[in-house]
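There are 2 protein chains.
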Amino acid sequence: MAQATFEEISASDFFYRNRDIAGLTNPSRSIFVAIREVVENSLDAAESQRIPPDIYVRLSFEAEATPDTQIYKLRVEDNGSGIPPRFIPSAFGQVLYGSKYKLKQARGTFGLGGKMAVLYGQITTHQPVFVTSSTGQEKIYSFKLMIDIQRNKPIILDRKVIINKENWRGTIIEFTLEGDYLRAMPKIIEYFKQTAMVNPYANLTFVDPKGRLYKFIRATTTMPEPPKETMPHPYGVDVELLQRLVQITEYSNMADFLKGHFHRVGEITAQKFLEFASINPSKNPKKLNHEEIVRLMQNLKKYKDFLPPDASCLSPLGEELLKAGVAKELNPEYLVVHQRKPSTYAGHPFIVEMAMAYGGNIPKRNNFVIYRFANKIPLLYDEASDVSYRVISAMNWRRYKVSPDMPIAIVVHICSTKVPYKTVGKEFISDRPEVRREVANALREVARQLQHFLTRQEHVHMEKKRLGIFSKYLPKIAQFSTTLAGKDRVPDIDKLLKSVQKYGAEES
Amino acid sequence: MAQATFEEISASDFFYRNRDIAGLTNPSRSIFVAIREVVENSLDAAESQRIPPDIYVRLSFEAEATPDTQIYKLRVEDNGSGIPPRFIPSAFGQVLYGSKYKLKQARGTFGLGGKMAVLYGQITTHQPVFVTSSTGQEKIYSFKLMIDIQRNKPIILDRKVIINKENWRGTIIEFTLEGDYLRAMPKIIEYFKQTAMVNPYANLTFVDPKGRLYKFIRATTTMPEPPKETMPHPYGVDVELLQRLVQITEYSNMADFLKGHFHRVGEITAQKFLEFASINPSKNPKKLNHEEIVRLMQNLKKYKDFLPPDASCLSPLGEELLKAGVAKELNPEYLVVHQRKPSTYAGHPFIVEMAMAYGGNIPKRNNFVIYRFANKIPLLYDEASDVSYRVISAMNWRRYKVSPDMPIAIVVHICSTKVPYKTVGKEFISDRPEVRREVANALREVARQLQHFLTRQEHVHMEKKRLGIFSKYLPKIAQFSTTLAGKDRVPDIDKLLKSVQKYGAEES
Numbered sequence: 068m069a070q071a072t073f074e075e076i077s078a079s080d081f082f083y084r085n086r087d088i089a090g091l092t093n094p095s096r097s098i099f100v101a102i103r104e105v106v107e108n109s110l111d112a113a114e115s116q117r118i119p120p121d122i123y124v125r126l127s128f129e130a131e132a133t134p135d136t137q138i139y140k141l142r143v144e145d146n147g148s149g150i151p152p153r154f155i156p157s158a159f160g161q162v163l164y165g166s167k168y169k170l171k172q173a174r175g176t177f178g179l180g181g182k183m184a185v186l187y188g189q190i191t192t193h194q195p196v197f198v199t200s201s202t203g204q205e206k207i208y209s210f211k212l213m214i215d216i217q218r219n220k221p222i223i224l225d226r227k228v229i230i231n232k233e234n235w236r237g238t239i240i241e242f243t244l245e246g247d248y249l250r251a252m253p254k255i256i257e258y259f260k261q262t263a264m265v266n267p268y269a270n271l272t273f274v275d276p277k278g279r280l281y282k283f284i285r286a287t288t289t290m291p292e293p294p295k296e297t298m299p300h301p302y303g304v305d306v307e308l309l310q311r312l313v314q315i316t317e318y319s320n321m322a323d324f325l326k327g328h329f330h331r332v333g334e335i336t337a338q339k340f341l342e343f344a345s346i347n348p349s350k351n352p353k354k355l356n357h358e359e360i361v362r363l364m365q366n367l368k369k370y371k372d373f374l375p376p377d378a379s380c381l382s383p384l385g386e387e388l389l390k391a392g393v394a395k396e397l398n399p400e401y402l403v404v405h406q407r408k409p410s411t412y413a414g415h416p417f418i419v420e421m422a423m424a425y426g427g428n429i430p431k432r433n434n435f436v437i438y439r440f441a442n443k444i445p446l447l448y449d450e451a452s453d454v455s456y457r458v459i460s461a462m463n464w465r466r467y468k469v470s471p472d473m474p475i476a477i478v479v480h481i482c483s484t485k486v487p488y489k490t491v492g493k494e495f496i497s498d499r500p501e502v503r504r505e506v507a508n509a510l511r512e513v514a515r516q517l518q519h520f521l522t523r524q525e526h527v528h529m530e531k532k533r534l535g536i537f538s539k540y541l542p543k544i545a546q547f548s549t550t551l552a553g554k555d556r557v558p559d560i561d562k563l564l565k566s567v568q569k570y571g572a573e574e575s
Numbered sequence: 068m069a070q071a072t073f074e075e076i077s078a079s080d081f082f083y084r085n086r087d088i089a090g091l092t093n094p095s096r097s098i099f100v101a102i103r104e105v106v107e108n109s110l111d112a113a114e115s116q117r118i119p120p121d122i123y124v125r126l127s128f129e130a131e132a133t134p135d136t137q138i139y140k141l142r143v144e145d146n147g148s149g150i151p152p153r154f155i156p157s158a159f160g161q162v163l164y165g166s167k168y169k170l171k172q173a174r175g176t177f178g179l180g181g182k183m184a185v186l187y188g189q190i191t192t193h194q195p196v197f198v199t200s201s202t203g204q205e206k207i208y209s210f211k212l213m214i215d216i217q218r219n220k221p222i223i224l225d226r227k228v229i230i231n232k233e234n235w236r237g238t239i240i241e242f243t244l245e246g247d248y249l250r251a252m253p254k255i256i257e258y259f260k261q262t263a264m265v266n267p268y269a270n271l272t273f274v275d276p277k278g279r280l281y282k283f284i285r286a287t288t289t290m291p292e293p294p295k296e297t298m299p300h301p302y303g304v305d306v307e308l309l310q311r312l313v314q315i316t317e318y319s320n321m322a323d324f325l326k327g328h329f330h331r332v333g334e335i336t337a338q339k340f341l342e343f344a345s346i347n348p349s350k351n352p353k354k355l356n357h358e359e360i361v362r363l364m365q366n367l368k369k370y371k372d373f374l375p376p377d378a379s380c381l382s383p384l385g386e387e388l389l390k391a392g393v394a395k396e397l398n399p400e401y402l403v404v405h406q407r408k409p410s411t412y413a414g415h416p417f418i419v420e421m422a423m424a425y426g427g428n429i430p431k432r433n434n435f436v437i438y439r440f441a442n443k444i445p446l447l448y449d450e451a452s453d454v455s456y457r458v459i460s461a462m463n464w465r466r467y468k469v470s471p472d473m474p475i476a477i478v479v480h481i482c483s484t485k486v487p488y489k490t491v492g493k494e495f496i497s498d499r500p501e502v503r504r505e506v507a508n509a510l511r512e513v514a515r516q517l518q519h520f521l522t523r524q525e526h527v528h529m530e531k532k533r534l535g536i537f538s539k540y541l542p543k544i545a546q547f548s549t550t551l552a553g554k555d556r557v558p559d560i561d562k563l564l565k566s567v568q569k570y571g572a573e574e575s
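Chains A and B, in that order, are what the protein sequence lines are. Using the working numbering, read the first sequence as starting at 68 and increasing by one per residue. Using the working numbering, read the second sequence as starting at 68 and increasing by one per residue.
Right under this line is the structure:
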């Protein structure tokens, strides 16, 4: 029988063949994913410069494609950092090329989404993508690009330079794609709504194919501290990484090597660790052999006294901004927010933020309304597989006198330098024990506070009822007693009423 | 503020950074994934030659790594096709290089798993992989390899050639990796058990780190027809594919182009389609411009009269083999199997096979025991996200007088040239409407048959009871009547009993 034949395919080709794993499963889902990926790149580009994002998205009808699908043109404009011209072709036309391969929090993590959207547009409509960008300098650059999928290289079809008279800064991307907007619409609108919730400092405008305008105006211009790039934490290290560090290091002894390449390792920690691992502090890291590198990795994981990662590489929303965002979109009767301290899984720092809202615009259903976010991205698919859903389901709610049929919304935001997504499509977060524990703790905290509110509300309600009875009958009794005693002046009932009141008058 | 810096990473580097998406999430899961990927490559290699697979897997303890993990050596030997020596280094040391990028059914679909296992071994233990292989010719080749992850290239550390005196054919792969076998054990044993169930023609041997031997002996040497490589079906075509075909085609007119490159397009279909699409049959495909290619793609999808794909590129198990496999492992009281006709989603052919087993070794639980398989691979994780689980949960079981607390096992096997996995880790199948429908239809069919069995069983049971009563009292009545009538001979009751019997004696 014939022998197997072997061949090599490019990264572009791999994702072209397996676009399901990036979420591009069908015409409805694909149009959602395309919009989301481009918008998230825009948000990252503005935030990196600490500019409140202004993002304009237009989806317009171009032609009928098949009985169920249409060709649309997607245009996204932002006021972000802009892209230097020499990077533009590869940034949009080469898979596994990008600015996201850094140890800091970003919406994009795979450096794949924007390109996959463009690639999807190309394979469904065979039209080029137009990219216009300026970093705010003298010139604006425009490119007309396609992707050579088999070679994973951009093809530059046209390139224009114009003078940037108004010092415009930002990026405009425009391409066509096949999709099913009618079916995707609810998710897309929900996506914008939830994005507005956790990015309350952003202006988002969406014009849909029918010309309907959806506008989400920022509630604040305060922005969270942007994340800083960080070094790897000793607990998250593997042999490959050590190998790479040994190759590039300029340090000539192990003490400096540890201090210079690892997060939160200072002089004393380095000395103590080297003693623990029986490594000579003056040893040259370049001289480490295979076995020594493996042992170093194992010892880094075993050593108990490394400091936990600090959160400077993270950019959580903060309790104030989260409160503002949720209040703006849900307008609840009661709202509690809670931010956990930074924690870590496999050496990656992460922070859980949680909000619990009651009443207002929240509908009563058979279950809680759950909003899931990761690095300020709303997660809208596969809820039941997500760690937050599992924690919420496993919770003993009766303890908190809370039941799922109350009008309660739970907002979970997990931010990390590396969100443990289960799929490239960023639908849900995997069930890491450390993440699970933090989500559960945050949930207990907000549940406790909601319980206080509900208990207090019940007391106030009872009290109102009790006072109501007093204030109904006391005057009558007083009147009757006065008449009975043959007196003229009815005694002061207000004093009496106040004496039985349990809460301040302003609360009743 | 600083501008973003851009960089390119290799495919190897991408998967190294994002190994979660290939299922390598933690030390327990990773050891499971590593074994599974290597075993599946071995099964594919034997089946491609239509040789009943003989696979020997040994996992041995090497050293303690961290408090929770150990270093293991994994060795897998097979009697498969063997790999020609020039392909060996890249087949094990280069991501996105392989023999799986074909339009036919195979266990491997991403051409990624085996390499990811080797890569994982390297980054956790920094040891090379040893590969020995022969295609049965005069020589046996041995390689000692590592992966240059940053460049995505194999590094050949050593290469040996020996004479193949005994005409051995197969592949041996051996590498070390860090893992947590104790925690992974139940899943690994379950994996072998279920693999044996849908590969009843395979011998599987597993020796675990404690030296325990698990042996699964083949129940048959009959093998299903191996899948044939096929051409793309017109309904599954996109612009990129058309573009590639136009580039490589040797046909100079559209009629030949369609007949020569598409699955189930013959002379008449080609003519009719070209008429439908208003394309001149003698047009040279190389002369198609962008717009014409896009229109061609859209028309291919619109045209209703293409024949459905045939199943020659698929290799389902078949009802006999499925029955043998399930009977062997579950030994049920009742077993029904059903194979659906080939169907198609997005131009990819697929077949659903289903078995329903009752009683025997199947435990009574609160829910059905579900075995999920895709291209003869057991799927053991994320059951609740799988299309089969959803269909089974949504079914109205009361209609079939079946309840989830009965000892019932449901076996679902989906085979396809392209199984719509949701993750590279091949944990579950996404919810495509066409797949869902086929699973539901197969389920209804086996449920109906089980219902007949259960109803019949109930009748038989009732009948037994009824006959029991008759045979208890009839002799007494006969005796009494005989005495009363003053006769000597008691009448023949057996005749009477038979006359009220509803089912044959052999059944009661």
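Beta carbons are placed, not taken as given, at the ideal position from N, Cα and C, and that holds for glycine. Since the structure is predicted, the reported quantities are computational estimates derived from the model, not experimental observations.
Proximity winner among the options, relative to residue i (alpha-carbon distances)
i: Phe-242 (chain A); options: A:Ile-214, A:Leu-309, A:Val-306 and A:Lys-227; result: A:Ile-214
i: Thr-490 (chain B); options: B:Thr-202, B:Asp-449 and B:Ala-461; result: B:Asp-449
i: Thr-288 (chain B); options: B:Pro-409, B:Val-458 and B:Leu-388; result: B:Leu-388
i: Lys-408 (chain A); options: A:Asn-508, A:Ser-319, A:Thr-191 and A:Pro-348; result: A:Asn-508
i: Asn-234 (chain B); options: B:Tyr-456, B:Met-264, B:Gly-149 and B:Phe-210; result: B:Gly-149
i: Ala-441 (chain A); options: A:Trp-464, A:Arg-285 and A:Arg-174; result: A:Arg-174
Residue-chain proximity (residue i, chain D), Cβ-Cβ < 9 Å
i: Val-436 (chain B); result: This model lacks chain D altogether; the protein chains it does include are A and B.
Cα-Cα separation, residue i to residue j
i: Lys-531 (chain B); j: Ser-538 (chain B); result: 10 Å
i: Asp-377 (chain B); j: Val-332 (chain B); result: 12 Å
i: Ala-391 (chain A); j: Ser-345 (chain B); result: 59 Å
i: Arg-466 (chain A); j: Gln-518 (chain A); result: 9 Å
i: Tyr-208 (chain A); j: Ala-158 (chain A); result: 14 Å
i: Tyr-187 (chain A); j: Lys-220 (chain A); result: 15 Å
i: Val-185 (chain B); j: Val-143 (chain B); result: 12 Å
i: Glu-574 (chain A); j: Val-527 (chain A); result: Annotation note: pLDDT 42 at Glu-574 (chain A) (below 50); position unreliable, no value reported.
i: Glu-386 (chain A); j: Asn-93 (chain A); result: 38 Å
i: Met-462 (chain B); j: Ser-410 (chain B); result: 21 Å
i: Met-364 (chain A); j: Ala-113 (chain B); result: 38 Å
i: Tyr-401 (chain A); j: Lys-431 (chain A); result: 15 Å
i: Val-196 (chain A); j: Lys-206 (chain A); result: 20 Å
i: Asn-434 (chain B); j: Asp-472 (chain B); result: 6 Å
Beta bridge counterpart(s) of residue i as assigned by DSSP
i: Ile-138 (chain B); result: B:Ala-130 and B:Glu-245
i: Ala-476 (chain A); result: A:Ala-424 and A:Val-436
i: Gly-237 (chain A); result: A:Ser-201
i: Arg-125 (chain B); result: B:Arg-142 and B:Val-274
i: His-415 (chain A); result: A:Tyr-412
i: Glu-75 (chain B); result: A:Tyr-164
i: Val-228 (chain A); result: A:Tyr-208
i: Pro-500 (chain B); result: Its beta-bridge partners do not exist; DSSP assigns none.
Please confirm if the stretch 366–381 of chain B is in contact with the stretch 239–256 of chain B, defined as three or more CB-CB distances below 8 Å between the two stretches. The stretch 366–381 of chain B is not in contact with the stretch 239–256 of chain B.
Would you call the stretch 306–317 of chain A in contact with the stretch 352–368 of chain A, where contact means no fewer than 3 C-beta pairs closer than 8 Å? At 8 Å Cβ cutoff, the stretches touch.
Give a yes or no on contact between the stretch 409–426 of chain B and the stretch 477–487 of chain B, applying the rule of three or more CB pairs nearer than 8 Å. Result yes; three or more Cβ-Cβ pairs closer than 8 Å.
For the stretch 225–241 of chain A against the stretch 268–276 of chain A, are there 3 or more C-beta pairs whose distance is under 8 Å? With contact defined as three or more Cβ pairs closer than 8 Å, the stretch 225–241 of chain A and the stretch 268–276 of chain A are not in contact.
The stretch 133–140 of chain B touching the stretch 196–211 of chain B, judged by at least three CB pairs closer than 8 Å: Cβ pair count under 8 Å is below three, so no.
Which runs of the alpha helix (DSSP H) fall wholly inside the stretch 257–328 of chain B and span at least 4 residues, in chain order? Assignment of alpha helix (DSSP H) within the stretch 257–328 of chain B, counting only whole runs of 4 or more residues, yields 306–315 and 321–328 in chain order.
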